[in-house]
Amino acid sequence: MTGGSAFHDVYRQAQARRVVFIAIESQGQRWTVKADTLTAGPGHVVDAGVGDAARSAIDRLVQDGEVRSDAYAGPVYFVLHGVRDEARARDLAAALHAALYGDLEPLARAVPAVP
């Protein structure tokens, strides 16, 4: 997605389709991952365990310096600023998207737990 109008168009499409909004955005040399579950409508509920896992993963990313400390970790809106490159942003976006639909495996692979 590029530009403010593209962001709004994709967001409106997610609302119309009643799906979780997920996007990556270039911000200079770094990338941002954005997710919003409100677009999926009131029937889409993020399980507490999923929310905890997403917050834990985002905390690890912040601690490891992969995303900035101003990351926002839910419960319905998620933002990861400062991702190093497009490939990593896509990886994190896909993993977060899967998690917000209840599949935590991609998130566990993308952000392994600290032993």
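Under this note's numbering, think of the first position of the sequence shown as 4, with each following residue one higher. Backbone N, C-alpha and C define an ideal beta-carbon position, used for all residues, glycine too.
Checklist line | residue 111 versus residue 61: straight-line alpha-carbon distance, rounded | finding: The residue given as residue 111 occupies position 108 in the sequence shown. The residue given as residue 61 occupies position 58 in the sequence shown. Our two residues, residue 111 and residue 61, have alpha carbons roughly 11 Å apart in a direct line.
Note to self: Does residue 46 come out as helix, strand or coil in the three-state DSSP assignment?
What the structure shows: Along the sequence shown, one-based indexing puts residue 46 at 43. Assigned with DSSP and collapsed to three states, residue 46 falls in coil, not helix or strand.
Notebook entry, point to check: residue 41 lies in the beta strand (DSSP E); which residues open and close that run?
Noted result: In the sequence shown, residue 41 corresponds to position 38, counting from 1. Looking at the DSSP string, residue 41 is not in any beta strand (DSSP E), and its letter there is neither H nor E.
Check: Can you name, in chain order, every residue of its own chain whose Cβ lies under 6 Å from the Cβ of residue 18, other than the five neighbours on each side?
Finding: Position 15 of the sequence shown, counted from the start, is the residue given in the question as residue 18. Cβ neighbours of residue 18 beyond the five flanking positions: 42.
Notebook entry, point to check: Given 8 Å as the limit, is there contact between the region 82-101 and the region 18-33, that is, 3 or more CB pairs closer than that?
Noted result: Touching, yes, given that three or more Cβ pairs across the two stretches are closer than 8 Å.
Margin query: To the nearest angstrom, how far is the alpha carbon of residue 65 from that of residue 25?
Written below: Position 62 of the sequence shown, counting from 1, holds the residue named residue 65. Position 22 of the sequence shown, counting from 1, holds the residue named residue 25. As the crow flies, the alpha-carbon of residue 65 is around 20 Å from that of residue 25.
Next item on the list: Label residue 85 either buried or exposed according to how many other C-beta atoms from any shown protein chain fall within 10 Å of its C-beta, with 16 as the threshold for buried.
Entry: The residue labelled residue 85 in the question sits at position 82 within the sequence shown. That one is buried.
Checklist line | One or two residues paired with residue 60 in a DSSP bridge | finding: Position 57 of the sequence shown, counting from 1, holds the residue named residue 60. Its beta-bridge partners do not exist; DSSP assigns none.
Check: In chain order, what residues of the same chain have a beta carbon less than 7 Å from the beta carbon of residue 113, not counting five sequence neighbours either side?
Finding: Counting from one through the sequence shown, the residue named residue 113 turns up at place 110. Within the same chain, residue 113 has close Cβ partners 94, 95, 98.
Item checked: residue 74, DSSP secondary structure in three states -> Sequence index remark: in the sequence shown, residue 74 carries index 71 (1-based). It is coil, neither helix nor strand.
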